[in-house]
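Below you can see the structure in the form of C-alpha cells.
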C-alpha cells in the first residue's frame, strides 16, 4: 500500500508528540446529540489522559439561550437534573479559541464539517472529523456528498492534506495530521478485513470482491423516521442503498481497487449496534489456512484493536459490541482458493467514536488503546 | 351490571338483523394508514360475509389528488405497484352516501371522530368508532380528550346514545346501536378480567384494585417519535402516564368503580404487539379456585372470544398475538383471599380492529367470531 | 431446465386428480412437535378442502401411553386442557392404514423419514417429506445426511423416483408423485430467485454466484441449545456452517450448477422467522431492468406464490413473514452486468409447511394457493 | 430498621480495614461459567485495587483434567485460544489456602454455597455468596431453598452470623462480616425503593404493598431450556411463579413486613438484562412530592449507587443497564396518598456481581463505588 510505504518520509509540522506526556491536551466536541457524539463524550470523559482537562462540549449551532446537559440527551450520563452534569455550550469560535482548544472532534453533518473544519485549522486547532466530508480524495467520489465549498481552492488543498483516520493503515500520517477524516463504519469493517491480503497482492481481482454488510439500527442515526420506528425495524431485515451507498468510495480509495473489483451491499439488522461484514474473495493461488493466518498476524502485529479469530472460529457481533475492537476471521474452502472473510465491529465505537479517540491517542503519541479498553 | 340488566328493554330502531343474512352490508373505513386501520382493512377484506361487497377505504382528509393504495401503506397487503391493489379514496361525504354505505368504521383521531360521527349518523350510516371520542359518559372523564363540539346539545345526546363496544358486556345494545364506541386496548384487557368478579360483588373494594398493564410498541402509533425509535424501545422497558392515562375513565365507568377503587399503570414493552395486564385484587370472603373458575366460566359461556386458562396456567402474550382472543387466567394465594388476574390480548385486534369487526358481527346478527378465527 | 421440459411426458400411475374435487383426501402428519410441524397442523386444520376429513396427527414414536394434544405443544392452538383439542396419536402403521390415510406428511428427522417413507409407499400412501432425506439425487451430495438404508436398492429406486417439491419448477411431476421431497428453506429462497435467469442462460457463470443468506432463529429448531438461547441469539448476528451447510447440494442439483459456480453462506438473524437471501450474479451480456423483469414475470406468470417486486423496490422480511409467498426483487448496476437478486420467504411456510401444503394442493389437482392465503 | 440502628455497636473481629490500602487482597471466584460469574470476573479483573493481585477463578467441581479459560465461556473476555487468557482452575481447597485467598466469591448453586461456605470460613476466608443459601434468617423462609446441612448447629450459627449484603442497609455490618449473603436481584430493586419510606413509618400497611417486577432473560440463567429459547422469550411477556417466588422472603425480612403486607409478582421481559419494579403503596397521611423526595434523599445521601429521579422523571431500564446503579423514582396521585415507586437495576450487576464487588469494597474499607463506575 503506497501510503503505508511513504509513512516514514512524512514531515511533521505540528507539536512534538511528547508534549502530551506532561499535560493533558484541551479537547472539544461539536455535536454530542447523536449516538456517535454521545459515545465520544463518554469515552473522552473517562479517558485517563484527559482527567486533568475535561473536554468541552458544543452544540451544532450558535442560537443558544437554552444550555443543555449531556444528561438531557443521553441516558448513559445519568439522571437528568441531578449530579455530575456536563454542560453543552452553544457553538462559538471565540469560545473555542479562548478555551485554548487544541483538538476538535466534529460529530456534525458533513456539510457542517466541510464548512467549519477550515476555520478550525486556521485557528490552529487540529480536527478529527467523524463525518464523510474529508474522507474521499477523488473528485468523482467526492461528489457523493454533494459538497459545496466557499473557497474551493482551500478546500481542495485541505482535502489533499486530510489523512484517512484508520490507524492500522495510516498510523504515521495520523500522528502529525492536522485534519483527520475518521472512516465510515462499514468501510472500517471491510478495509481491515481485506487490507492484509490486498496489500500482499494475494487476491485474484478478476473475481470481484463481494462485501455483504449488516448493521444495527444506531447506524441509521437518532432521527425518528419511518425506518427507525421499532415497528419497521424489529423482526425485520432488509437490504438498502444497493449499488449506491456512499461509503463505497472509501473502499476503492483505501484498498486501491477499481469500481469493478469490489462491491458493497448494506443491510439493516434488528439490533441496536454492531456491524458484521461477510466478504467473498478468491485467492490468486492456493494457500493454506496457516499461510493466510500468518499474513494477517504479521499485518496486525502492532495493531491491538484488530483481533484475529483462529480458524474455524469466526467473529460474531456479540464479541465486539461495546468495545473498540474489529474482529476478523476467515473460512477457506477445500479448493484452497475461495476465501470468506468475516469482520465485526461496533459501528458507534471502532466504526465512529472509538476510532476517533484512537486517532487522538495516535496524534498525542499515546498508547493506541488508551482509554478504549 | 346495570347496563346488562336493561339490555332486554332496548328498543331497536334500526334494520332487523336478519337482513344481512341475505346480502352483504356496504361498509367503509376512514383512516387506514395506522396500524389499527391496516388490521381493520385486512380483516374486512377477508371477512366471509363481505366477499360480495368489499369495503371502501377512505383517507382522513379531502385534499386528495394523490390516490394511494393499501399496498403503499402496509406491507401485509402485498407488493406496492403490483396486483390486487385496494384503492384509498379521498374523504368525501357524497362518495359515502352514493356508495350506499351502511356501516362506517372510523379509525381516526378522536377530534375527527367527534366531528364526523354526527354527520354520518345524520346520513343514516351506523358508526363503529375506534377512537376515544364516544367512550366516556361522564363529563368529568369526557374532559380527558379535550373535545370541543360544534353542536354541544347534539353531541351530548349522541354521547348518551353511544354504546360501549364490548360485546361481552353489551351485546344486546350493540346489536341495535347506531353509534358504537370501540373500547380502548388497555381497558378491554382489564375489564374482561374483572367484570365477572366485580359484577358478582365478590371483590373487597376497600382494597384498591391495582392494574399493572404492559403493551407492545404498536400501541404508541405509527408516528415516528423519540419513543417509538428502535433505539429507545428495544432492550428497554418503562412505565408512562402514571396516574394519568386517559384510558382509566373507561375502567371506572364500565366496572362501576370509584376512582379510589382501581388504579391503572401502563408500561411500554419492547415487542411489536400484545398487552398483558396483571391485576391485583382481594376477595370479600375466601373462595376456592374452583368457585372462581365457575364464576368466570358462567360469565363467558356465550363469549367465544374470551378464553379462560385453567389454574395454574396463566396466559402469555404469545398465546394471543395475531388473534382476537382475550385470554384470562388467575392465581389465588394460600389465604384464599388475594387473587391475581392475568389477561392478555392483541392490542391491534381484540384491543382495536378485531373488536370492531366483532361489533360489526353483532350489529349484523352474525356469529360473533365470524371472520375472526 | 431439463426437468421442466420433460414434464408433459410424465406418466401418472396415481389416482386421477379430479377425485379430490368430490371428496376430501385422508391426510396425516407424523411429527407435529417442532415449529414446522406445528405450522403444518395449523394449515391443514384450516384448509378449506379438508374440513370434511380433518388430518390425523401422530407422534414420532410408538411408545405412547401418554396421549398429547396440539394445545400442549403449541400456544397457537389454544389453551391447554380446554376446548377444541386435537389429539396426537402414538405412531402406528396399522392406525394409518385403518384410517385410510392417502397422504402422509413427515415432519421427522431425516433418518426417520428415510426409514419410514418406503413403508408408507408400500402401503399405498403418498408421502410429502419435509426432511432432507429424499432431496438429493447424487450420491456425493446424498452423503451429507449420513443416511443408512436397510434396503439400499429400494432406497436408490425411491430416491430416483422422488420429486423435489418445488411446484414452481416441478409442478407436473409433483402432480403424480408418490414421494415428494419438500425443499429446504434456504434453497427455496435461492432457487426461486435464480431459476428464471439460470434456465434462460443469462448468467455469466465464470463469475461464481454468491448467495449470502440470513435466517431467523426458528430455522435452528425447537431444541433448547446454547445457540437458541435468547442470550446468545438476541442482539447478535453470526455466520455459521460456512462452506459446509448441507442445503448447498440442493442448489447444485436444482439449478444444474457445478460446485465452483455457486456458493452459499447462512447467517443467524435475531428474529423469530424469515429468510432473506442476497444473491450476487453477473449477466453474460448487458441487459435492461425491463428485460430482466420480463424474464422473471414470464417464468412465474402461473406461480401465484412468487411475488416479484418492481425495481427499485426490494423485498424485506416483514413483507412475507406468516405468508407462503416467496418475494423476489433485484437491483442492476449501472454497468448493466452486475445484478443483485434479493429474495425473502418465511422459513416455516414457503420454506417448510406452507410449501408442503402447496405440494398437497398440486397433488390433489387443486388451485395451488388453496388454504394458503 | 433495627439492623441499621445497631450498626455502630457491631464488634469487628476481622482484620482492620486499613490493611487493604497498602496491599491488594487475594481474591477468588468459584463458578464463573454463568452470567453473574462472568460479570464478576470482568469487574474484578478491571478493579483498580486488584491490579496487583489478580483474582483466581475456580470451576465448580474438582474433576478437572480439562482446564478452561474465561475466553472459552464468555465472549466479552476475548477471542478463544488467543491472547490474555484467564485460566479457570479445578476446584480445590488446598489451592485456595496455598494461594492465600482472603476473599472468596461463590457464584454457585445454593446447595453448594451452603455446603462449602462453612469450610471456607473455617479456613479463615471471608465469603461473599451470590446464591440464596444464606440470605434468610427465619426457618420458615429458609425452607424455600430446601437446604440440608451436614452440621445443622454450625449452619444455624453461621446463618445467624451471615450479613445480608445490601450496603445501603447494612454497611457497617458488612464491613466486618465473615459471611456476606449477596441479595437477590428482584429484592434489591424492591427493598431499595421501599426502605426509606418503610423505615420512616410513612406507609399505610393496612393496604398491602404490591410489587410488580419485570426481569430480562439473563435472570433465568445460562441453562438452555424451553423458557430461555429465543422462540419462547422473544416477542413474548409472561408472569411466572405467582405467589411462589423464593425471593419473597427477603422482602419480609429486610423490610420487617408480614406476609400479608407485601406481595411480589415476577414477569419475564424479552430483553437480555435489566429489572424494573413497579411498586404500589399508600401513605399513612398525605404528603407532598417534596417531602417524599427529602425522605429518599436523606436516606441515600451516602449511597452513591442509588440514584433518585426527580419527579416527574421515572427510571427506565435503558438508564441503568450495564451499570451498578439502582435508580428510583416515584409518582404521587392527586390524593397525595397513593404512591407508586419505580426502581430499576441491572440484574447481573447491582442485582448480583456488581453488588458483590460493592460488598468487597465495603469489606476492604474502600470507596463503595470503586471499580464500579
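Protein chains in written order, with our numbering: chain G, 687 to 1059; chain F, 687 to 1059; chain Y, 687 to 1059; chain V, 687 to 1059.
Heads up, the beta-carbon is just placed ideally off N, CA and C, and yes, glycines get one too.
### Message
I'd like to confirm something about residue 989 (chain F): is its beta-carbon nearer than 7 Å to some heavy atom of the ligand ADP, or not?
### Response
The model depicted lacks the ligand ADP and carries no ligand whatsoever.
#### Entry: Residues bridged to residue 1118 (chain V) [DSSP beta-bridge criterion]
Here chain V has residues from 687 to 1059 only, and residue 1118 (chain V) is not among them.
### Task
May I ask you to list, following chain order, the residues of the region 949 to 965 of chain G that have a beta carbon less than 7 Å from some beta carbon of chain F?
When CB distances to chain F are screened at a threshold of 7 Å, the residues of the region 949 to 965 of chain G falling below it are 958, in chain order.
### Message
Just to make sure I have the definition right: I need the residues of chain Y whose C-beta is within less than 8 Å of the C-beta of residue 1007 (chain V). Which are they?
### Response
Here residue 1007 (chain V) refers to the residue found at position 321 when the fourth chain is read from its first residue. Those do not exist, as residue 1007 (chain V) stays about 11 Å from chain Y at its closest Cβ, beyond 8 Å.
### Task
Look at the Cβ atom of residue 994 (chain Y), then the Cβ atom of residue 1014 (chain Y), and state whether they are nearer than 8 Å.
Your numbering for residue 994 (chain Y) matches position 308 in the third chain. Your numbering for residue 1014 (chain Y) matches position 328 in the third chain. Contact flag set, yes.
### Task
Compare the C-alpha of residue 965 (chain F) against each of F:991, F:889, F:935 and F:907 and name the closest.
Numbered from 1 along the second chain, position 279 holds the residue referred to as residue 965 (chain F). For the residues F:991, F:889, F:935 and F:907, the minimum Cα distance to residue 965 (chain F) belongs to F:889.
### Query
If you check the beta carbons only, do residue 714 (chain Y) and residue 782 (chain Y) fall under 8 Å apart?
The residue labelled residue 714 (chain Y) in the question sits at position 28 within the third chain. The residue labelled residue 782 (chain Y) in the question sits at position 96 within the third chain. Here residue 714 (chain Y) is near residue 782 (chain Y), since their CB atoms are less than 8 Å apart.
### Query
To the nearest whole angstrom, what separates the beta carbons of residue 874 (chain Y) and residue 1031 (chain Y), a pair I think is in contact under 8 Å?
Residue numbering aside, residue 874 (chain Y) sits at position 188 when the third chain is read from its first letter. Residue numbering aside, residue 1031 (chain Y) sits at position 345 when the third chain is read from its first letter. 6 Å between Cβ atoms; contact.
### Message
Just to confirm the assignment: which complete alpha helix (DSSP H) runs, minimum length 4, are found wholly within the region 915 to 950 of chain G?
### Response
Those alpha helix (DSSP H) runs which fall completely within the region 915 to 950 of chain G and span 4+ residues are 916 to 919 and 934 to 941.
### Query
Is the Cβ-Cβ distance between residue 937 (chain V) and residue 860 (chain V) less than 8 Å?
Taking the fourth chain and counting its residues from 1, the one referred to as residue 937 (chain V) is at position 251. Taking the fourth chain and counting its residues from 1, the one referred to as residue 860 (chain V) is at position 174. In this structure, the beta-carbon distance from residue 937 (chain V) to residue 860 (chain V) does not fall below 8 Å.
### Task
Taking residue 948 (chain G) as the reference, give the member of G:882, G:975, G:978 and G:898 with the closest Cα.
As a position in the first chain, residue 948 (chain G) is number 262, starting the count at 1. Closest option to residue 948 (chain G), judged by alpha-carbon separation, among G:882, G:975, G:978 and G:898: G:898.
### Message
Can you list, in chain order, the residues of its chain with a C-beta nearer than 8 Å to that of residue 734 (chain Y)? Leave out the 5 residues immediately preceding and following it.
### Response
Looking up residue 734 (chain Y) in the third chain gives position 48. The beta carbon of residue 734 (chain Y) is closer than 8 Å to those of 1056 and 1057 in its chain, skipping five residues each way along the sequence.
### Query
On the three-state DSSP scale, how would you describe residue 1042 (chain Y)?
Position 356 of the third chain, counting from 1, holds the residue named residue 1042 (chain Y). Of the three classes helix, strand and coil, the one that applies to residue 1042 (chain Y) here is helix, per DSSP.
### Query
Does DSSP classify residue 869 (chain G) as helix, strand or coil?
By one-based count along the first chain, residue 869 (chain G) stands at place 183. It is coil, neither helix nor strand.
### Task
Ignore the nearest five residues each way along the sequence and tell me which others in residue 891 (chain V)'s own chain have a CB closer than 6 Å to its CB.
Against the fourth chain, residue 891 (chain V) aligns to sequence position 205. If we look at residue 891 (chain V) and ignore the five residues flanking it on each side, its Cβ neighbours are 947.
### Message
Please give me, in chain order, every unbroken run of the alpha helix (DSSP H) with length at least 4 that falls completely inside the region 822 to 846 of chain Y.
### Response
With a minimum length of 4 residues, the continuous alpha helix (DSSP H) runs that stay inside the region 822 to 846 of chain Y are 825 to 828.
### Query
Do you know offhand how far residue 871 (chain G)'s Cα is from residue 794 (chain G)'s?
Here residue 871 (chain G) is taken as the residue at index 185 of the first chain, counted from 1. Here residue 794 (chain G) is taken as the residue at index 108 of the first chain, counted from 1. Cα to Cα, the separation comes out at about 15 Å.
### Bridge partner(s) assigned by DSSP for residue 754 (chain Y)
Locating residue 754 (chain Y) in the third chain gives position 68, counting from the first residue. Looking at the DSSP assignment, residue 754 (chain Y) forms a beta bridge with Y:774.
### Query
Any idea what DSSP makes of residue 897 (chain F), helix, strand or coil?
Walking along the second chain from the start, residue 897 (chain F) turns up at place 211. Three-state result, residue 897 (chain F): strand.
### Query
Who are the near neighbours of residue 726 (chain G) in its chain, counting only those whose CB is closer than 8 Å to its CB and skipping five residues on each side?
The residue labelled residue 726 (chain G) in the question sits at position 40 within the first chain. Answer for residue 726 (chain G): 715, 718, 791, 793, 816, 1038, 1039, 1042 and 1043, listed in chain order.
#### Entry: Rounded separation between residue 992 (chain Y) and residue 881 (chain Y) - CA only
As a working note, residue 992 (chain Y) is residue 306 in the third chain. As a working note, residue 881 (chain Y) is residue 195 in the third chain. Between residue 992 (chain Y) and residue 881 (chain Y), the C-alpha separation is close to 12 Å.
### Task
Look at the alpha carbon of residue 672 (chain F) and the alpha carbon of residue 862 (chain F), and state the distance between them as a whole number of angstroms.
There is no way to answer for residue 672 (chain F), as the model of chain F reaches only from 687 to 1059.
### Query
Under 7 Å Cβ-Cβ, which residues of chain G neighbour residue 765 (chain F)?
Position 79 of the second chain holds residue 765 (chain F). Simply none; closest approach about 14 Å.
#### Entry: Whole-angstrom distance between residue 916 (chain G) and residue 660 (chain F), CA atom to CA atom
Lying outside 687 to 1059, the shown extent of chain F, residue 660 (chain F) is not represented and no answer is given.
### Task
Go through its chain and collect everything with a Cβ distance to residue 697 (chain V)'s Cβ below 7 Å, but skip five positions before and after it.
The residue labelled residue 697 (chain V) in the question sits at position 11 within the fourth chain. The pLDDT assigned to residue 697 (chain V) is 42, lower than 50, so where the model puts this residue is not dependable, and the model offers no usable value.
### Query
Cβ atoms of residue 900 (chain V) and residue 1000 (chain V): under 8 Å apart, would you say?
Sequence index remark: in the fourth chain, residue 1000 (chain V) carries index 314 (1-based). Sequence index remark: in the fourth chain, residue 900 (chain V) carries index 214 (1-based). It is not a contact, given that the beta carbons lie outside the stated cut-off.
### Task
For residue 708 (chain Y), count neighbouring C-beta atoms within 10 Å of its own C-beta (all shown protein chains included) and say buried if the count is 16 or more, exposed if not.
For the purposes of this step, residue 708 (chain Y) is taken as residue 22 along the third chain, with counting starting at 1. Around the Cβ of residue 708 (chain Y), a 10 Å sphere holds fewer than 16 other Cβ atoms; the residue is exposed.
### Task
Using a threshold of 8 Å, state whether the C-beta atoms of residue 905 (chain G) and residue 1045 (chain G) are closer than that.
Residue mapping note: residue 905 (chain G) aligns to position 219 of the first chain, counting from 1. Residue mapping note: residue 1045 (chain G) aligns to position 359 of the first chain, counting from 1. Going by beta carbons, residue 905 (chain G) and residue 1045 (chain G) fall outside the 8 Å limit.
### Query
Where in the region 984 to 1051 of chain F do unbroken runs of the beta strand (DSSP E), each at least 3 residues long, occur, reported from the N-terminal end onward?
Counting only runs of 3 or more, we get 992 to 994, 1012 to 1018 and 1024 to 1031.
### Message
Could you tell me the alpha carbon to alpha carbon distance between residue 821 (chain G) and residue 850 (chain G), rounded to whole angstroms?
### Response
By one-based count along the first chain, residue 821 (chain G) stands at place 135. By one-based count along the first chain, residue 850 (chain G) stands at place 164. Whole-angstrom Cα-Cα distance: 6 Å.
#### Entry: Short CB-CB distance (under 8 Å) between residue 1013 (chain V) and chain G
One-based indexing of the fourth chain puts residue 1013 (chain V) at position 327. Residue 1013 (chain V) has a beta carbon lying within less than 8 Å of a beta carbon in chain G.
#### Entry: Identified DSSP bridge partners for residue 969 (chain F)
Residue numbering aside, residue 969 (chain F) sits at position 283 when the second chain is read from its first letter. For residue 969 (chain F), the beta-bridge partners assigned by DSSP are F:889.
#### Entry: Coarse secondary structure for residue 765 (chain F), derived from DSSP in three states
Within the second chain, the letter at position 79 stands for residue 765 (chain F). Collapsing the DSSP output to three states places residue 765 (chain F) in coil.
### Query
In the structure shown, what three-state DSSP assignment does residue 735 (chain Y) receive?
Mapped onto the third chain, residue 735 (chain Y) falls at position 49. Per DSSP, reduced to three states, the secondary structure at residue 735 (chain Y) is helical.
#### Entry: Where residue 869 (chain F) meets chain Y, residues with beta-carbon distance less than 7 Å
Looking up residue 869 (chain F) in the second chain gives position 183. Residues of chain Y passing the Cβ test: none, with the nearest at roughly 23 Å.
### Message
Rounded to whole angstroms, what is the Cα-Cα separation between residue 931 (chain G) and residue 955 (chain Y)?
### Response
Sequence index remark: in the first chain, residue 931 (chain G) carries index 245 (1-based). Sequence index remark: in the third chain, residue 955 (chain Y) carries index 269 (1-based). Taking the straight line from one Cα to the other gives about 22 Å.
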